[in-house]
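Contents: one structure, followed by commentary.
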Amino acid sequence: MEKITIKINSKIFSVEQEKTILEVANENGIEIPTLCFHPDLETKHHCGMCVVEIAGEENLKHACATVVKEGMEIETESENLFEERKKSLDKILKKHLLECDDCVWLGHCKLLELTKKFEAKPIAEKKESNQVLQVGTMVFDQTKCIGCENCLSVCPTGFLEMNDQAKVQCSTDEKKDCISCGQCILHCPVGAIEGVGEFEELEKIFKDDKKITVVQFAPSIRTSIGEEFGMETGKIVTGQLVSALKKVGFDYVFDTATGADFTTMEEAGELIERLEKKEKLPAMTSCCPAWVKFLEFNYPEFIPNLCTSRSPQTMLGGIVKNYWGAKMNIDPQNIFVVSVMPCVAKKYEIKRPELEVDGVAPVDMVLTTRELARLLKKNKLDLKNIEKSQADDPLGLASGAGVIYGSSGGVFESALRTAYFKMIGKNLPEDAVKEIRGFYGIKTKEIEIEGKTIKVCVVSGIKNAKKVMEQLKENPQLYDAVEVMACPGGCIAGGGQPVPTNKKIARKRSAGLYVIDREKKLRFAHENSAVKKVYEEFFKDAKIREQILHTHFSAKGRTQIKKIKNSKETNE
12 MEKITIKINS
22 KIFSVEQEKT
32 ILEVANENGI
42 EIPTLCFHPD
52 LETKHHCGMC
62 VVEIAGEENL
72 KHACATVVKE
82 GMEIETESEN
92 LFEERKKSLD
102 KILKKHLLEC
112 DDCVWLGHCK
122 LLELTKKFEA
132 KPIAEKKESN
142 QVLQVGTMVF
152 DQTKCIGCEN
162 CLSVCPTGFL
172 EMNDQAKVQC
182 STDEKKDCIS
192 CGQCILHCPV
202 GAIEGVGEFE
212 ELEKIFKDDK
222 KITVVQFAPS
232 IRTSIGEEFG
242 METGKIVTGQ
252 LVSALKKVGF
262 DYVFDTATGA
272 DFTTMEEAGE
282 LIERLEKKEK
292 LPAMTSCCPA
302 WVKFLEFNYP
312 EFIPNLCTSR
322 SPQTMLGGIV
332 KNYWGAKMNI
342 DPQNIFVVSV
352 MPCVAKKYEI
362 KRPELEVDGV
372 APVDMVLTTR
382 ELARLLKKNK
392 LDLKNIEKSQ
402 ADDPLGLASG
412 AGVIYGSSGG
422 VFESALRTAY
432 FKMIGKNLPE
442 DAVKEIRGFY
452 GIKTKEIEIE
462 GKTIKVCVVS
472 GIKNAKKVME
482 QLKENPQLYD
492 AVEVMACPGG
502 CIAGGGQPVP
512 TNKKIARKRS
522 AGLYVIDREK
532 KLRFAHENSA
542 VKKVYEEFFK
552 DAKIREQILH
562 THFSAKGRTQ
572 IKKIKNSKET
582 NE
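Quick note: my numbering has the sequence shown finishing at residue 583, numbered continuously throughout.
Right, here's the structure in full:
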């Protein structure tokens, strides 16, 4: 791209045209304060913190929205700018009630940093008109909302809107529902939206001598939680994570990626059967609870297309309570299973009554990545200073195919690896389906297996899922298999992940998962000896297999919206 010459603070820079002042400043280590800006969103310059002076311009300009021009002379620091930014900050602080102890951004809050830098004073007070609303596993706190509209930009269902006081509110449109994807949490710069938290309950469980506590951790956690402890983005910390979970008080640590291997086995079988019978096509993944909730509410006619194979966390939870528990001579009622997930919707998933086995839920509690990080910090555990250890047998052995579930395309790549083997008796060639990896919203691939062409579509983000579903309404034969992840890029950018999360960060987390897969000797679910053993010892009985590894779905109504008095009672 053609370069132009500009000056910033009297220093000459040769920069690419069409970039904003903020982009150029960031690339050259020049600090311009921001609050509402997010690199993945269209700029709205609501906060006013990034204003700069431009020679020859009478008015201040927003650095996030102003494109550089040849010869432009920019000033980013002056007395006038300091005062103008302080005025903007004062307006923001009138809207935002500072309750920092339980905030998503605790420890790296831009608003708090700016408040200190500009010596501003928090002045917001609770108003009767400001409500705290709970919708399923989500909490929307109007006492903290600054009206930046980031949440409106990312909400894929249109459930969020602004009221006449420039505060976020839940839509009154009965045709719109919250799917608990949590993207609004990641993009809110001030913690006005959070997930329901369960710290106190877990601490009680640890003190209950009758309970055997089992924890499982999702594939994507191993390349994201390190960020909470100052480690580089995408750092693989599997061994340190296992050790930390044991030190914090869990009796046993298992790997949800092992559960993903079971899901792969069942899903591959379902795909083959549907292709042979030419029914219930396209087969649709059901691992992502936000996607499932979206389909059940908006496209109930496609419910038969959902694979009945349970998600990895619920499969593993069921196996822990019914297979492992029996081997250990432990009553399922006395096993307390906690899942560490990158996802707020997983909290909703475990409450589904369809998942219970003889009245017992497979998973008792879900902690997000952020919640676990807070729990570890509370117990003075730092992943940087913890030795590595292995997850416990027999449910700690996972294939690389199970690990890549954390990234968009990973679920179907895993299923296709095993389906290919089941169909022709040999493993899928290396990188045969690499086209379905990555961050494009809609990825398609035609795969030839024994003369049969399988048309696969991998969808990242609910807004893209809408497009595909509308296509399928017009042409149901368009695809044979569809994978959907509600969060753009997959679980590595899930609503329960550390903040900040953006595409650049998510790509590094995803890359870490593929490094694990590539370096593992065990890369196929059907070669996992732990999985084979459970099938041989426990799942020869078709009824038990169906009961623990499969579920069903049904049309769902709109989630109830309820007012709560104190956000601290329910949030992360």
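Where is the CB? At the ideal position from N, CA and C, for every residue including glycine.
N- and C-terminal bounds of the alpha helix (DSSP H) containing residue i
| i | result |
| --- | --- |
| D272 | 267-288 |
| Q145 | Premise fails: Q145 lies in the beta strand (DSSP E), 143-146, not in any alpha helix (DSSP H). |
| G523 | 514-530 |
| K215 | 210-217 |
| L33 | 32-38 |
| V165 | 161-165 |
| D101 | 90-106 |
| T168 | Looking at the DSSP string, T168 is not in any alpha helix (DSSP H), and its letter there is neither H nor E. |
| M480 | 473-485 |
| K554 | 553-560 |
| G413 | 411-414 |
Coil, strand or helix - residue i by DSSP
| i | result |
| --- | --- |
| H198 | helix |
| I43 | coil |
| H57 | coil |
| H119 | coil |
| G420 | coil |
| K543 | helix |
| T126 | helix |
| K579 | At K579, the pLDDT of 48 sits below 50, so the modelled position is not reliable and the matter cannot be decided from this model. |
| E243 | coil |
| A504 | helix |
| I232 | helix |
| K395 | helix |
| Y451 | coil |
| Q344 | helix |
| I134 | coil |
| I23 | strand |
| S425 | helix |
| D152 | strand |
| E457 | strand |
| C111 | helix |
| I435 | helix |
| H73 | strand |
| E64 | strand |
CA nearest to the CA of residue i, picked from the options
| i | options | result |
| --- | --- | --- |
| T380 | V351, D51, I15, A356 | V351 |
| D442 | G421, K514, C166 | G421 |
| Q176 | H563, T154, V248, A536 | T154 |
| V371 | Y359, I346, K357 | I346 |
| M173 | K391, I157, F550, E185 | I157 |
| E365 | T148, H563, I85 | H563 |
| F423 | T168, P440, I460, V467 | V467 |
| T275 | R285, E243, R233, S320 | S320 |
| K52 | K463, V374, Q194, K433 | Reading the sequence as shown, one finds Leu at residue 52 and not Lys. Taking only the C-alpha atoms, the option nearest L52 is Q194. |
| I415 | P487, H49, G501 | G501 |
| D403 | F261, G413, K478 | F261 |
| E290 | I196, D491, S235, S191 | D491 |
| L122 | A271, E367, C159, G462 | C159 |
| T464 | G336, I283, I397, M496 | I283 |
| I575 | V526, D152, Q28, C114 | D152 |
Range covered by the beta strand (DSSP E) that runs through residue i
| i | result |
| --- | --- |
| V259 | Not the beta strand (DSSP E): V259 falls in the alpha helix (DSSP H), residues 249-259. |
| K574 | 572-575 |
| M326 | Per DSSP, M326 belongs to no beta strand (DSSP E); it is in the alpha helix (DSSP H), 323-330. |
| A492 | 492-496 |
| C318 | Unbroken run through C318: none, as it is neither H nor E. |
| C181 | 179-181 |
| G206 | 204-206 |
| V78 | Unbroken run through V78: none, as it is neither H nor E. |
| I190 | Per DSSP, I190 belongs to no beta strand (DSSP E) and is neither H nor E. |
Chain C within 8 angstroms of residue i, Cβ atoms only
| i | result |
| --- | --- |
| K358 | Annotation note: the requested chain C is absent from the structure, which comprises a single protein chain. |
### Message
So, does the stretch 447-459 touch the stretch 287-305, judging by three or more C-beta pairs under 8 angstroms?
### Response
Judged by pairs of C-beta atoms under 8 angstroms, the stretch 447-459 does not touch the stretch 287-305, as fewer than three such pairs exist.
### Task
Tell me, please, whether the stretch 308-321 touches the stretch 499-508 by the rule of three or more beta-carbon pairs shorter than 8 angstroms.
Touching, no, given that fewer than three Cβ pairs across the two stretches are closer than 8 angstroms.
### Message
Does the contact criterion of 3 or more C-beta pairs under 8 angstroms hold for the stretch 221-229 versus the stretch 199-208?
### Response
Counting Cβ pairs under 8 angstroms, fewer than three are found: no touch.
### Query
Between the stretch 223-239 and the stretch 256-275, are three or more C-beta pairs nearer than 8 angstroms?
The stretch 223-239, when compared against the stretch 256-275, does touch it at the 8 angstroms Cβ threshold.
#### Entry: Contact between the stretch 272-282 and the stretch 424-432 (3+ Cβ pairs under 8 angstroms)
With the cut-off at 8 angstroms, the stretch 272-282 and the stretch 424-432 touch.
### Message
Quick check on the DSSP output: what are the complete beta strand (DSSP E) runs of length 3 or more inside the stretch 355-385, in order along the chain?
### Response
Fully enclosed beta strand (DSSP E) runs of 3 or longer: 376-379.
### Query
Below 8 angstroms, can you find three or more Cβ-Cβ pairs linking the stretch 20-36 to the stretch 77-89?
Here the stretch 20-36 makes contact with the stretch 77-89; the two share three or more CB pairs at distances below 8 angstroms.
### Task
Take every Cβ of the stretch 549-568, pair it with every Cβ of the stretch 524-534, and state whether three or more of those distances are shorter than 8 angstroms.
Touching, no.
### Task
Give, in chain order, every unbroken run of the beta strand (DSSP E) that is at least 3 residues long and sits entirely within the stretch 286-316.
As far as the stretch 286-316 is concerned, it has no whole beta strand (DSSP E) run of at least 3 residues.
### Message
Under 8 angstroms, with one C-beta from each stretch per pair, do the stretch 384-400 and the stretch 252-259 reach the 3-pair mark?
### Response
Yes, since at least three Cβ pairs between the stretch 384-400 and the stretch 252-259 fall closer than 8 angstroms, the two stretches touch.
### Message
With a threshold of 8 angstroms, are at least 3 pairs of Cβ atoms found where one atom belongs to the stretch 13-26 and the other to the stretch 64-83?
### Response
Taking a cut-off of 8 angstroms for Cβ pairs, the stretch 13-26 and the stretch 64-83 touch, as three or more such pairs fall below it.
### Query
On the three-pair Cβ rule with 8 angstroms, is the stretch 99-108 touching the stretch 57-66?
Yes, the stretch 99-108 touches the stretch 57-66.
### Stretch-stretch touch, CB-based, cutoff 8 angstroms, three pairs: the stretch 321-332 with the stretch 557-572
Proximity of the stretch 321-332 to the stretch 557-572 meets the contact definition, three or more beta-carbon pairs being nearer than 8 angstroms.
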